[in-house]
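Enquirer: Residue numbers 1 to 266, in the UniProt record's numbering, belong to the letters of the sequence shown in order. One structure, as C-alpha coordinates, below. Some questions next.
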Amino acid sequence: EPRPRPPRFLSLLYKYPLKRKNPNKNLGFFRVDSTIVTLTSKLLWTLGIHQLKLFAGLDSLTSEVGGVHLHFGNGHDSKYGEETLDATPVNRVLMMDRGFCKLERIEQLLGEEERYFLMRLNLNTTLESRENGIYQIGKQGELLARVIVFRDEKGKEYRLVTNLPSSGESGFTDEEVKELYRQRWQIELLWKFLKMHLKLDRIITKNTNGITLQVYASLIAYLFLQLLEVASFVGQKILDKLRCLLSFMKSEKSFVHWFDKLAFSN
(Lines of atoms letter the chains of each structure in order from A; the text may use other names.)
(Lines give C-alpha, C1' and ligand atoms only; values in the text may rest on other atoms or scores of the structure.)
Protein backbone atom coordinates (compact mmCIF):
# COMPACT_ATOMS: atom_id res chain seq x y z
CA GLU A 1 0.00 0.00 0.00
CA PRO A 2 1.58 3.34 -1.02
CA ARG A 3 2.37 5.77 1.75
CA PRO A 4 0.85 9.26 1.59
CA ARG A 5 3.32 11.90 0.53
CA PRO A 6 4.11 14.48 3.22
CA PRO A 7 3.15 18.12 2.66
CA ARG A 8 6.85 19.06 2.41
CA PHE A 9 7.08 17.13 -0.86
CA LEU A 10 4.58 19.41 -2.60
CA SER A 11 6.09 22.44 -0.87
CA LEU A 12 9.51 21.72 -2.40
CA LEU A 13 7.94 20.81 -5.74
CA TYR A 14 6.25 24.22 -5.78
CA LYS A 15 9.39 26.17 -4.83
CA TYR A 16 11.77 24.43 -7.26
CA PRO A 17 10.45 25.99 -10.52
CA LEU A 18 10.48 29.43 -8.88
CA LYS A 19 14.23 29.18 -8.28
CA ARG A 20 14.84 28.16 -11.89
CA LYS A 21 13.17 31.22 -13.39
CA ASN A 22 15.45 34.10 -14.36
CA PRO A 23 15.34 36.72 -11.58
CA ASN A 24 14.32 40.23 -12.56
CA LYS A 25 16.85 42.77 -11.31
CA ASN A 26 14.47 45.76 -11.34
CA LEU A 27 12.85 47.15 -8.20
CA GLY A 28 9.40 45.63 -7.74
CA PHE A 29 6.88 44.98 -5.00
CA PHE A 30 6.07 41.97 -2.88
CA ARG A 31 2.43 42.26 -1.83
CA VAL A 32 1.79 40.23 1.32
CA ASP A 33 -1.67 39.22 2.51
CA SER A 34 -3.69 36.34 3.93
CA THR A 35 -6.98 34.72 3.02
CA ILE A 36 -9.34 32.54 5.04
CA VAL A 37 -10.47 29.11 3.88
CA THR A 38 -13.43 27.81 5.88
CA LEU A 39 -13.15 24.18 7.00
CA THR A 40 -16.28 22.04 7.23
CA SER A 41 -14.85 18.87 8.75
CA LYS A 42 -16.57 18.08 12.06
CA LEU A 43 -13.46 16.13 13.03
CA LEU A 44 -11.41 19.32 12.87
CA TRP A 45 -14.16 21.24 14.63
CA THR A 46 -13.80 18.96 17.65
CA LEU A 47 -10.16 20.07 17.76
CA GLY A 48 -11.24 23.71 17.69
CA ILE A 49 -10.07 24.25 14.09
CA HIS A 50 -12.73 25.98 11.99
CA GLN A 51 -10.58 27.73 9.40
CA LEU A 52 -7.27 27.83 7.59
CA LYS A 53 -5.33 31.04 7.03
CA LEU A 54 -3.16 31.04 3.94
CA PHE A 55 -0.34 33.60 3.98
CA ALA A 56 1.54 34.45 0.79
CA GLY A 57 3.15 37.24 -1.17
CA LEU A 58 2.71 38.21 -4.82
CA ASP A 59 5.71 39.48 -6.81
CA SER A 60 4.73 42.43 -9.00
CA LEU A 61 7.43 41.73 -11.61
CA THR A 62 7.21 37.96 -12.02
CA SER A 63 3.64 37.28 -10.77
CA GLU A 64 5.13 34.50 -8.65
CA VAL A 65 3.53 33.52 -5.34
CA GLY A 66 6.10 33.12 -2.57
CA GLY A 67 6.43 32.88 1.19
CA VAL A 68 3.55 30.42 1.45
CA HIS A 69 2.59 29.70 5.07
CA LEU A 70 -0.45 27.85 6.42
CA HIS A 71 -1.96 28.54 9.83
CA PHE A 72 -4.76 26.31 11.10
CA GLY A 73 -7.13 28.10 13.46
CA ASN A 74 -7.97 31.68 14.33
CA GLY A 75 -5.49 34.45 14.87
CA HIS A 76 -4.73 38.00 13.77
CA ASP A 77 -2.34 38.62 10.89
CA SER A 78 -0.11 40.71 13.18
CA LYS A 79 0.76 37.55 15.16
CA TYR A 80 1.66 35.40 12.16
CA GLY A 81 3.13 35.66 8.71
CA GLU A 82 6.79 36.14 9.66
CA GLU A 83 7.83 33.36 7.26
CA THR A 84 6.05 35.17 4.45
CA LEU A 85 7.67 38.51 5.26
CA ASP A 86 11.11 36.88 5.45
CA ALA A 87 10.58 35.44 1.95
CA THR A 88 10.59 38.89 0.33
CA PRO A 89 12.79 38.64 -2.80
CA VAL A 90 15.80 40.89 -3.36
CA ASN A 91 14.98 44.28 -4.89
CA ARG A 92 11.35 44.12 -3.82
CA VAL A 93 9.42 46.56 -1.62
CA LEU A 94 7.52 44.64 1.07
CA MET A 95 3.89 45.84 0.95
CA MET A 96 1.40 45.03 3.73
CA ASP A 97 -2.10 45.95 4.83
CA ARG A 98 -2.90 47.12 8.37
CA GLY A 99 -3.60 43.55 9.49
CA PHE A 100 0.17 43.08 9.75
CA CYS A 101 0.65 46.34 11.64
CA LYS A 102 2.31 46.29 15.04
CA LEU A 103 4.92 48.64 16.46
CA GLU A 104 7.48 45.89 17.06
CA ARG A 105 7.30 44.88 13.39
CA ILE A 106 7.67 48.48 12.20
CA GLU A 107 10.70 48.96 14.43
CA GLN A 108 12.24 45.75 13.10
CA LEU A 109 11.67 46.74 9.47
CA LEU A 110 13.12 50.21 10.03
CA GLY A 111 16.27 48.54 11.34
CA GLU A 112 16.78 46.60 8.11
CA GLU A 113 18.70 49.01 5.91
CA GLU A 114 18.68 46.87 2.76
CA ARG A 115 14.92 46.29 2.58
CA TYR A 116 12.17 48.77 1.79
CA PHE A 117 8.64 48.38 3.07
CA LEU A 118 5.22 50.02 2.83
CA MET A 119 2.57 49.31 5.46
CA ARG A 120 -0.84 50.71 6.27
CA LEU A 121 -1.20 51.84 9.87
CA ASN A 122 -4.24 51.28 12.04
CA LEU A 123 -6.34 54.40 12.54
CA ASN A 124 -5.98 54.12 16.31
CA THR A 125 -2.18 54.31 16.08
CA THR A 126 -0.92 57.41 17.87
CA LEU A 127 0.87 59.82 15.51
CA GLU A 128 2.70 63.06 16.23
CA SER A 129 4.01 65.12 13.34
CA ARG A 130 7.67 66.18 13.46
CA GLU A 131 9.14 67.65 10.27
CA ASN A 132 9.57 66.81 6.57
CA GLY A 133 6.89 64.11 6.67
CA ILE A 134 8.43 62.32 9.66
CA TYR A 135 6.09 61.23 12.45
CA GLN A 136 6.49 59.82 15.91
CA ILE A 137 4.61 56.52 15.93
CA GLY A 138 3.21 55.30 19.23
CA LYS A 139 3.39 56.90 22.64
CA GLN A 140 6.96 56.03 23.58
CA GLY A 141 8.57 58.69 21.38
CA GLU A 142 11.38 56.47 20.08
CA LEU A 143 9.83 55.25 16.82
CA LEU A 144 10.25 57.80 14.03
CA ALA A 145 9.37 57.13 10.40
CA ARG A 146 8.00 58.64 7.23
CA VAL A 147 4.17 58.59 7.24
CA ILE A 148 1.79 59.66 4.47
CA VAL A 149 -1.75 60.55 5.60
CA PHE A 150 -4.51 61.04 3.04
CA ARG A 151 -8.19 60.41 2.31
CA ASP A 152 -9.69 58.71 -0.73
CA GLU A 153 -12.57 60.03 -2.83
CA LYS A 154 -15.05 58.62 -0.27
CA GLY A 155 -13.37 60.37 2.65
CA LYS A 156 -11.77 57.22 4.06
CA GLU A 157 -8.51 57.97 5.86
CA TYR A 158 -5.32 56.08 5.12
CA ARG A 159 -2.03 56.17 7.01
CA LEU A 160 0.98 54.67 5.28
CA VAL A 161 4.34 54.16 6.96
CA THR A 162 7.39 53.50 4.81
CA ASN A 163 11.15 53.76 4.67
CA LEU A 164 11.13 54.61 0.95
CA PRO A 165 13.21 57.76 0.37
CA SER A 166 11.30 60.93 -0.46
CA SER A 167 14.08 62.61 -2.45
CA GLY A 168 17.04 61.79 -4.64
CA GLU A 169 17.23 59.70 -7.80
CA SER A 170 15.49 56.76 -6.13
CA GLY A 171 13.01 58.90 -4.21
CA PHE A 172 9.22 58.47 -4.17
CA THR A 173 6.87 61.41 -3.71
CA ASP A 174 3.83 61.12 -1.45
CA GLU A 175 1.59 60.80 -4.52
CA GLU A 176 3.74 57.99 -5.88
CA VAL A 177 3.59 56.14 -2.56
CA LYS A 178 -0.20 56.45 -2.54
CA GLU A 179 -0.40 55.03 -6.05
CA LEU A 180 1.90 52.16 -5.08
CA TYR A 181 -0.36 51.20 -2.21
CA ARG A 182 -3.41 51.25 -4.48
CA GLN A 183 -1.76 48.45 -6.45
CA ARG A 184 -1.88 46.18 -3.39
CA TRP A 185 -5.33 44.95 -4.44
CA GLN A 186 -3.68 42.73 -7.07
CA ILE A 187 -3.17 40.03 -4.44
CA GLU A 188 -6.92 40.05 -3.79
CA LEU A 189 -7.34 38.97 -7.41
CA LEU A 190 -4.99 36.06 -6.69
CA TRP A 191 -7.19 34.83 -3.82
CA LYS A 192 -10.28 35.23 -6.00
CA PHE A 193 -8.71 33.19 -8.82
CA LEU A 194 -7.52 30.41 -6.50
CA LYS A 195 -10.93 30.08 -4.88
CA MET A 196 -13.14 30.54 -7.92
CA HIS A 197 -11.18 28.70 -10.61
CA LEU A 198 -8.80 26.35 -8.76
CA LYS A 199 -11.32 25.30 -6.10
CA LEU A 200 -9.27 26.39 -3.10
CA ASP A 201 -12.49 27.08 -1.19
CA ARG A 202 -13.73 23.49 -1.68
CA ILE A 203 -11.61 21.45 0.70
CA ILE A 204 -12.31 17.75 0.08
CA THR A 205 -10.08 16.24 2.77
CA LYS A 206 -10.73 16.09 6.50
CA ASN A 207 -7.26 16.28 8.08
CA THR A 208 -4.54 18.91 8.19
CA ASN A 209 -2.12 16.85 6.10
CA GLY A 210 -4.62 16.39 3.27
CA ILE A 211 -5.67 20.04 3.40
CA THR A 212 -2.05 21.13 3.12
CA LEU A 213 -1.61 18.90 0.08
CA GLN A 214 -4.70 20.36 -1.58
CA VAL A 215 -3.54 23.94 -0.97
CA TYR A 216 -0.16 23.26 -2.53
CA ALA A 217 -1.83 21.42 -5.42
CA SER A 218 -3.81 24.60 -6.16
CA LEU A 219 -0.64 26.70 -5.98
CA ILE A 220 1.22 24.31 -8.28
CA ALA A 221 -1.66 24.52 -10.76
CA TYR A 222 -1.42 28.33 -10.60
CA LEU A 223 2.34 28.15 -11.18
CA PHE A 224 1.81 25.77 -14.11
CA LEU A 225 -0.57 28.25 -15.71
CA GLN A 226 2.00 31.02 -15.25
CA LEU A 227 4.63 28.96 -17.08
CA LEU A 228 2.27 27.67 -19.76
CA GLU A 229 2.72 29.14 -23.24
CA VAL A 230 -0.27 29.24 -25.57
CA ALA A 231 -0.98 30.73 -28.98
CA SER A 232 -1.40 34.50 -28.95
CA PHE A 233 -4.95 34.35 -30.33
CA VAL A 234 -6.03 32.41 -27.21
CA GLY A 235 -5.01 35.29 -24.95
CA GLN A 236 -2.20 35.66 -22.45
CA LYS A 237 -4.20 36.18 -19.27
CA ILE A 238 -4.02 33.32 -16.80
CA LEU A 239 -7.77 32.74 -17.11
CA ASP A 240 -7.40 32.48 -20.90
CA LYS A 241 -4.75 29.81 -20.42
CA LEU A 242 -6.95 27.88 -17.99
CA ARG A 243 -9.91 27.90 -20.38
CA CYS A 244 -7.70 26.76 -23.25
CA LEU A 245 -6.26 23.95 -21.14
CA LEU A 246 -9.67 22.78 -19.95
CA SER A 247 -10.99 22.79 -23.51
CA PHE A 248 -8.03 20.69 -24.65
CA MET A 249 -8.45 18.24 -21.78
CA LYS A 250 -12.17 17.79 -22.44
CA SER A 251 -11.42 16.84 -26.04
CA GLU A 252 -9.69 13.66 -24.84
CA LYS A 253 -11.38 10.49 -23.61
CA SER A 254 -9.58 10.50 -20.28
CA PHE A 255 -6.66 12.04 -18.41
CA VAL A 256 -4.53 9.06 -19.48
CA HIS A 257 -5.03 9.94 -23.16
CA TRP A 258 -4.38 13.60 -22.41
CA PHE A 259 -1.10 12.92 -20.58
CA ASP A 260 -0.04 10.51 -23.34
CA LYS A 261 -0.56 13.14 -26.04
CA LEU A 262 1.10 15.82 -23.90
CA ALA A 263 4.17 13.66 -23.26
CA PHE A 264 4.77 12.31 -26.75
CA SER A 265 3.59 15.11 -29.04
CA ASN A 266 6.26 16.84 -31.14
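Backbone N, C-alpha and C define an ideal beta-carbon position, used for all residues, glycine too.
Which term fits Q236, buried or exposed, when burial requires 16 or more other beta carbons within 10 angstroms of its beta carbon?
Expert: The residue given as residue 236 occupies position 236 in the sequence shown. Per the 10 Å Cβ criterion, exposed.
Enquirer: Give the straight-line distance between the Cα atoms of G73 and T38, rounded to the nearest whole angstrom.
Expert: Taking the first residue of the sequence shown as 1, we reach residue 73 at position 73. Taking the first residue of the sequence shown as 1, we reach residue 38 at position 38. Distance between the alpha carbons of G73 and T38: 10 Å.
Enquirer: Going by CA-CA distance only, name the one from W45, F30, L70, T62 that's closest to N209.
Expert: Here residue 209 is taken as the residue at index 209 of the sequence shown, counted from 1. Selected option, being the one with the closest Cα: L70.
Enquirer: If the criterion is Cβ atoms closer than 7 Å, does the pair F117 and L127 meet it?
Expert: Position 117 of the sequence shown, counted from the first residue, corresponds to residue 117. Position 127 of the sequence shown, counted from the first residue, corresponds to residue 127. The answer is no: Cβ separation not under 7 Å.
Enquirer: How would you label A145, buried or exposed, when you count the other beta carbons within 10 angstroms and need 16 or more for buried?
Expert: Residue 145 sits at position 145 when you count from the first residue of the sequence shown. With 16 or more Cβ atoms within 10 Å of its Cβ, A145 is classed as buried.
Enquirer: DSSP three-state label for F150, please.
Expert: Counted from its first residue, the sequence shown places residue 150 at position 150. If DSSP states are grouped into helix, strand and coil, F150 belongs with the strands.
Enquirer: Residue ranges of each alpha helix (DSSP H) run of no fewer than 4 residues wholly in the segment 41-110, ordered along the chain?
Expert: 42-46, 82-86, 103-110
Enquirer: Taking the alpha-carbon of H76 as reference, which of L123, A231, L52, K154 has the nearest alpha-carbon?
Expert: What you label residue 76 is simply residue 76 of the sequence shown in a count that begins at 1. Taking only the C-alpha atoms, the option nearest H76 is L52.
Enquirer: Taking all protein chains shown into account, do 16 or more other C-beta atoms lie within 10 angstroms of the C-beta of R31, making it buried, or fewer, making it exposed?
Expert: Within the sequence shown, residue 31 is the residue found at index 31, counting from 1. Burial call: buried.
Enquirer: Between I106, I36, A217, L44, which has its C-alpha nearest L160's C-alpha?
Expert: Residue numbering aside, residue 160 sits at position 160 when the sequence shown is read from its first letter. Nearest in C-alpha terms to L160, of all of I106, I36, A217, L44, is I106.
Enquirer: Per DSSP, what are the beta-bridge partners of T35 in this structure?
Expert: In the sequence shown, residue 35 corresponds to position 35, counting from 1. Note: T35 sits in a beta bridge opposite L54.
Enquirer: Pick from V230, I238, H197, S232: whose alpha carbon is nearest that of S218?
Expert: Position 218 of the sequence shown, counted from the start, is the residue given in the question as residue 218. The shortest C-alpha separation from S218 is found at H197.
Enquirer: Would you list the one or two residues that DSSP bridges to T162?
Expert: Taking the sequence shown and counting its residues from 1, the one referred to as residue 162 is at position 162. According to DSSP, T162 bridges with L118, R146.
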